[in-house]
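Worksheet: one structure, shown below.
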Amino acid sequence: MRYSQTLIPTVKEVPAEAEIPSHQLMIRAGFIRKVASGTYTYLPLGNRSLLKIIAIVREEMNRAGAQEILMPVLQPMELWEATGRREDYGETLAWFEDRHGRENVLAPTAEEVVTSLVAAEINSYRQLPVNLYQINTKVRDEFRPRFGVLRSREFIMKDAYSFHANVDDLEKTYRAMYDAYCRIFSRCGLKYVAVEADSGPIGGSASHEFMVPCSAGEDVIVHAEDFSYAANLEKAEIDAPAASPQLAAARQAAPAMEEVHTPGVGSIEAVCNFLKNRPADMIKTLVYTSGKDVIVALLRGDHEANENKLRRACDGAALEMAPPEVIKNVTSAAVGFAGPQGLAGKITRLIVDNSVAAMTSGVTGANKTDYHVRNVVPGRDFPLSGANVVVADIRNAVDGDTRGGKALKFSRGIEVGHVFKLGTKYSQKLSANFLDEQGQKQPCIMGCYGIGINRILASAIEMGHDDNGCVLPIAIAPFEVLVVPINISNPEVMGAAERIYKDLQAGGADVLLDDRDARPGVKFKDADLLGIPLRIVVGEKSLKEGKVELKARTEAKPTLVDLGAAVARTLDLAAQLKSQLSGESR
RNA sequence: CGGGGCGUAGCUCAGCUUGGCUAGAGCGCCUGGUUUGGGACCAGGAAGUCGGAGGUUCAAAUCCUCUCGCCCCGACCA
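First residue of the first sequence: 6, per my numbering; consecutive thereafter.
Structure, rendered in structure tokens:
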């Protein structure tokens with residue numbers, strides 16, 4: 006394409022609204038323009054990149070045996086009510102009432118629609134498995150759109166849904182998808198980590214998120230130094246503290262519980278200020294309800310509860326923070342003064358975090374408004390075992406924790422993909438059943454697999470940029486080669502540039518010819534900003550010696566090559582860059 | 001939704017505290033000329049309901065009230 010005929014509005018100044026490099030550069034390089042909060046127009050360059058990403062995704066999905074379909078963005082609300090997700094999605098669900106009074110959802114995802122399709126069309130195990138995907142716009146009324154294209158209200162997602170007659174078969178497709186994702190992200194030139202995510206209803210390592218580590222990421226990756234283990238914060242398992250040989254003796258020596266008057270001091274922080282102790286010396290008593298059940302969780306004052314882990318410790322029951330009335334009922338004290346002593350008999354279940362079980366003694370609420378107690382010894386003043394007592398890992402990992410003996414590190418990452426074993430949640434609710442070999446009706450077992458197309462581009466730029474602009478991987482750059490004639494009014498220069506341009510195109514390269522009548526400085530600056538991986542400069546001086554300059558975006562200095570050899574050299578280099586992203590090695 | 005901030009030319013911003021002249025600058029844009037290897041220079045020019053509505057005042061970009069939009073910090077997700 007010719008630069009002069011393409012809309013590439015580059016800007017020198019850093020846009021005020023953009024905070025992170027990828028957002029700034031996507032605006033500066035003329036990839037996107039904002040339409041409203043969380044919605045963007047992709048200009049020719051941005052759109053070209055998206056199309057290249059989509060082509061890679063499509064190719065790998067097809068190769069992995071998935072079939073492409075196209076589902077509507079507009080979905081009937083009834084489907085969402087049938088699965089209960091109208092409630093689950095809440096405010097994030099974007100919908101409107103049409104002129105006939107029907108409620109329409111703007112698709113944030115498509116489980117309901119595919120599942121109802123399969124319910125109608127699949128009847129027998131002989132028709133399974135199927136893996137259906139689409140690449141389509143998704144809409145989510147995000148509370149807070151942020152970071153440009155990274156968290157927008159509208160985005161392009163590749164979403165795939167697989168249906169199986171049994172769990173083994175799901176496992177096969179899950180692995181095929183996992184492998185396809187590895188190839189996709191490698192081919193896009195991303196450095197990524199597959200992290201374990203909170204497992205679905207099937208259990209095991211049923212879910213993985215594909216993350217691109219970078220400081221702008223919104224998710225926390227918990228990992229071993231060498232990434233031999235990586236999980237998200239929700240999931241990350243923590244070793245229980247090693248049993249100290251002196252623990253029993255220290256507990257023996259601990260003085261009896263002692264009540265202290267702490268008027269109006271309820272929070273951990275306030276108590277620590279008041280009693281001059283550390284949060285790590287406190288035992289936090291959290292009260293949850295699940296239907297009629299009351300569950301109490303004990304955590305060290307400096308730790309955070311992990312509700313996913315808690316739920317698992319309660320055999321998957323849905324938990325909610327107890328309302329104040331329940332807390333008062335159980336503890337006979339105002340909120341903020343709960344303690345585990347004497348509580349076990351009054352509640353459904355007591356769950357003690359490993360770290361609390363390893364404390365010699367702690368400070369906690371006295372179950373009496375305005376009072377706390379000191380010297381509360383686990384095992385003496387509240388039980389660590391019993392029919393309704395569980396000691397477990399129920400908190401978020403923190404600095405200093407280990408897993409399998411390896412220290413856990415924390416990194417931020419951008420989630421670009423997610424593979425998930427769904428089980429029968431949707432197939433049961435929407436009657437996506439099949440008859441098995443015995444003629445028995447069974448719900449399909451499902452998996453789902455998502456990729457954020459726009460996020461791939463944003464995270465590639467987040468990873469690949471320097472002071473001068475984008476440094477894009479060749480597979481997803483809007484063009485592979487940029488040909489820059491210096492001084493277009495010199496017919497020899499322009500003629501040589503045109504020839505190179507045409508020959509490169511004939512050689513299968515994706516070329517942009519900067520045919521603008523602009524000063525060299527302007528062209529060089531824009532060339533760097535756009536981040537096109539290869540650049541050929543045709544200048545008067547070197548041309549007189551029969552040479553042009555060839556430079557990779559990643560290199561500081563150009564190489565002089567013979568005019569006659571330039572095209573072949575460039576095509577060769579492009580092929581090399583591509584093969585580095587083949588996706589076969591990882 | 002809570003907390004903080006910002007809305008002035010296409011973009012980045014000054015002016016607002018302490019109301020007062022024709023509302024400014026840089027970049028960009030248009031015309032002419034000189035230039036031509038890392039965002040040139042000279043001359044001329046176009047361009048603004050000061051986010052919107054209401055109020056106070058002789059007088060409002062500036063003060064007050066309301067409203068809309070955008071950005072940043074906190075619970076979800078591709």
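Backbone N, C-alpha and C fix where the C-beta goes; we use that ideal spot for every residue, glycine too.
**Q.** Three-state secondary structure (DSSP) of L413
**A.** As a working note, residue 413 is residue 408 in the first sequence. The three-state secondary structure of L413, taken from DSSP, is strand.
Q) Name the DSSP bridge partner or partners of N109? A) Indexing the first sequence from 1 puts residue 109 at position 104. Residue pairing from DSSP places N109 in a beta bridge opposite P81 and F101.
Q) Taking the beta strand (DSSP E) that A557 falls in, what are its first and last residues? A) The residue you call residue 557 lines up with position 552 of the first sequence. For A557, the uninterrupted beta strand (DSSP E) run begins and ends at K552 to A557, by DSSP.
(Q) Measuring CB atoms only, is the segment 493 to 503 touching the segment 219 to 236, in the sense that at least three cross pairs come out at less than 8 Å? (A) Too few Cβ pairs lie closer than 8 Å, so no.
Q. Smallest Cα separation from L565: which of M451, A579, L548 and Q581?
A. Here the question's residue 565 lines up with position 560 in the first sequence. Minimum Cα distance to L565 is reached at L548.
(Q) Taking the straight line between their C-alpha atoms, what separation do you get for E503 and F148? (A) Working through the first sequence from its first residue, we reach residue 503 at position 498. Working through the first sequence from its first residue, we reach residue 148 at position 143. Distance from the CA of E503 to the CA of F148, rounded to the nearest whole angstrom, comes to 50 Å.
Q) Just how far apart, CA to CA, sit N237 and V403? A) By 1-based counting over the first sequence, the position of residue 237 is 232. By 1-based counting over the first sequence, the position of residue 403 is 398. Answer to the nearest angstrom: the Cα atoms are 12 Å apart.
Q: Decide if P22 is buried, meaning its Cβ has at least 16 other Cβ atoms within 10 Å, or exposed.
A: Looking up residue 22 in the first sequence gives position 17. Here residue 22 turns out to be Glu, not Pro, going by the sequence shown. It counts as exposed.
Q) With 16 other CB atoms within 10 Å as the buried threshold, where does Q663 fall? A) A query on residue 663 cannot be resolved here, the shown segment of the chain reaching from 6 to 591 and no further.
Q: Evaluate V16 with the Cβ neighbour count: other Cβ atoms within 10 Å of its Cβ, from every protein chain shown; 16 or more gives buried, anything less gives exposed.
A: As a position in the first sequence, residue 16 is number 11, starting the count at 1. Looking at its Cβ environment, which holds fewer than 16 other Cβ atoms inside 10 Å, V16 is exposed.
Q: Below 8 Å on the Cβ atoms is my guess for A185 versus M66; work out the distance and round it to an integer in Å.
A: For this step, residue 185 is matched to residue 180 along the first sequence. For this step, residue 66 is matched to residue 61 along the first sequence. Distance from A185 to M66 at the Cβ level is roughly 6 Å; contact confirmed, criterion being Cβ atoms closer than 8 Å.
**Q.** Burial state of E117, where buried means 16 or more other Cβ atoms lie within 10 Å
**A.** Taking the first sequence and counting its residues from 1, one reaches residue 117 at position 112. Classification of E117: buried, given that the 10 Å Cβ count is 16 or more.
Q) What are the complete beta strand (DSSP E) segments, minimum 3 residues, inside the segment 274 to 318? A) Fully enclosed beta strand (DSSP E) runs of 3 or longer: 288 to 295 and 298 to 305.
Q) Which residue or residues does DSSP assign as beta-bridge partners of L440? A) Here residue 440 is taken as the residue at index 435 of the first sequence, counted from 1. Answer by DSSP bridge pairing, in chain order: S129 and K446.
Q | Terminal residues of the beta strand (DSSP E) in which L348 lies | A | For the purposes of this step, residue 348 is taken as residue 343 along the first sequence, with counting starting at 1. Where L348 is concerned, there is no enclosing beta strand (DSSP E), because DSSP gives it neither an H nor an E.
Q: Could you tell me the boundaries of the beta strand (DSSP E) in which S1 lies?
A: Lying before the first or after the last residue shown, residue 1 is absent from the chain, which here runs from 6 to 591.
Q: Report all residues from its chain with a CB closer than 6 Å to the CB of S436; omit the five preceding and five following residues, and keep chain order.
A: Position 431 of the first sequence, counting from 1, holds the residue named residue 436. For S436, where only same-chain residues beyond five positions count, the Cβ hits under 6 Å are A124.
Q: Please classify A371: is it buried, with 16 or more other beta-carbons within 10 angstroms of its beta-carbon, or exposed?
A: In the first sequence, counting from the first residue as 1, residue 371 sits at position 366. When all chains shown are included, A371 counts as buried.
Q.
Tell me the residue span of the alpha helix (DSSP H) that contains G3.
A. Residue 3 lies beyond the residue range present for the chain, which begins at 6 and ends at 591; the question has no answer from this structure.
Q | Own chain residues within Cβ distance below 8 Å of T559, not counting five before or after | A | Position 554 of the first sequence, counting from 1, holds the residue named residue 559. Cβ neighbours of T559 beyond the five flanking positions: V476 and P538.
Q.
Measuring alpha carbon to alpha carbon, tell me which residue in E467, G367 and D203 is nearest E239.
A. Translated into the one-based positions of the first sequence, residue 239 becomes position 234. Residue D203 holds the alpha-carbon nearest to the alpha-carbon of E239 among E467, G367 and D203.
Q) With 16 other CB atoms within 10 Å as the buried threshold, where does N459 fall? A) Here residue 459 is taken as the residue at index 454 of the first sequence, counted from 1. Buried, since its Cβ has 16 or more Cβ neighbours within 10 Å.
**Q.** Residues of its chain near H336, where Cβ-Cβ distance is below 6 Å and the 5 sequence neighbours each way are ignored
**A.** Start at 1 with the first residue of the first sequence, and residue 336 comes out as number 331. Here the sequence assigns Thr to residue 336, which means His is not the residue at that position. Here the set comprises A343 and N372.
(Q) Extract the residue ranges of the beta strand (DSSP E) inside the segment 181 to 269, only unbroken runs of 3 or more that lie entirely within it. (A) Taking only runs of at least 3 residues, the beta strand (DSSP E) segments lying wholly in the segment 181 to 269 are 198 to 201, 212 to 218, 224 to 229, 235 to 237 and 263 to 266.
Q: Run the CB neighbour count on N136, radius 10 Å, all protein chains shown included, and call it buried at 16 or more, exposed below.
A: As a first step, residue 136 is located in the first sequence; it is residue number 131 there, counting from the start. So N136 ends up on the buried side.
(Q) By the DSSP assignment, the alpha helix (DSSP H) with K507 in it spans what residues? (A) Taking the first residue of the first sequence as position 1, residue 507 is located at position 502. Looking at the DSSP string, the run of the alpha helix (DSSP H) that includes K507 is P496 to A511.
(Q) Does the contact criterion of 3 or more C-beta pairs under 8 Å hold for the segment 414 to 422 versus the segment 457 to 472? (A) Cβ pair count under 8 Å is three or more, so yes.
Q. Are L586 and G194 closer than 8 Å when you measure CB to CB?
A. Here the question's residue 586 lines up with position 581 in the first sequence. Here the question's residue 194 lines up with position 189 in the first sequence. Against a cut-off of 8 Å, the Cβ pair of G194 and L586 comes out as a contact.
Q. Are the CB atoms of V394 and V357 nearer to each other than 8 Å?
A. On the first sequence, position 389 is the one that residue 394 refers to. On the first sequence, position 352 is the one that residue 357 refers to. In contact: V394 and V357 (Cβ atoms closer than 8 Å).
Q. Shortest alpha-carbon distance to G409 belongs to which of Q447, P563, P49 and H228?
A. Position 404 of the first sequence, counted from the first residue, corresponds to residue 409. If we check each option's Cα against that of G409, H228 comes out closest.
Q.
Is the separation between the beta-carbon of R317 and that of S360 shorter than 8 Å?
A. By 1-based counting over the first sequence, the position of residue 317 is 312. By 1-based counting over the first sequence, the position of residue 360 is 355. No; because the gap between Cβ atoms is not below 8 Å, this pair is not in contact.
Q. Taking Cβ to Cβ, would you say I226 is nearer than 8 Å to V200?
A. Counting from 1 along the first sequence, the entry for residue 226 is found at position 221. Counting from 1 along the first sequence, the entry for residue 200 is found at position 195. The beta carbons of I226 and V200 sit closer together than 8 Å.
Q) By Cβ distance below 8 Å, which residues in the same chain neighbour M468 in space, the five residues on each side in sequence not counted? A) Reading the first sequence from its first residue, position 463 is the one you call residue 468. Excluding residues within five positions, the ones whose Cβ falls inside 8 Å are L195, K196, V217 and C219.
(Q) Alpha carbons only, please: which of D320, V572 and T114 is nearest the one belonging to K507? (A) On the first sequence, position 502 is the one that residue 507 refers to. The residue with the shortest Cα to Cα distance from K507 is V572.
Q) At which residue ranges does the segment 444 to 490 contain complete alpha helix (DSSP H) runs of 4 or more residues, listed in the order of the chain? A) Inside the segment 444 to 490, DSSP marks whole alpha helix (DSSP H) runs of 4 or more residues at positions 458 to 468, from first to last along the chain.
Q) Quick one: is N33 buried, meaning 16 or more other Cβ sit within 10 Å of its Cβ, or exposed? A) Here residue 33 is taken as the residue at index 28 of the first sequence, counted from 1. First, the amino acid is wrong: residue 33 is Arg here, not Asn. Label assigned to R33: buried.
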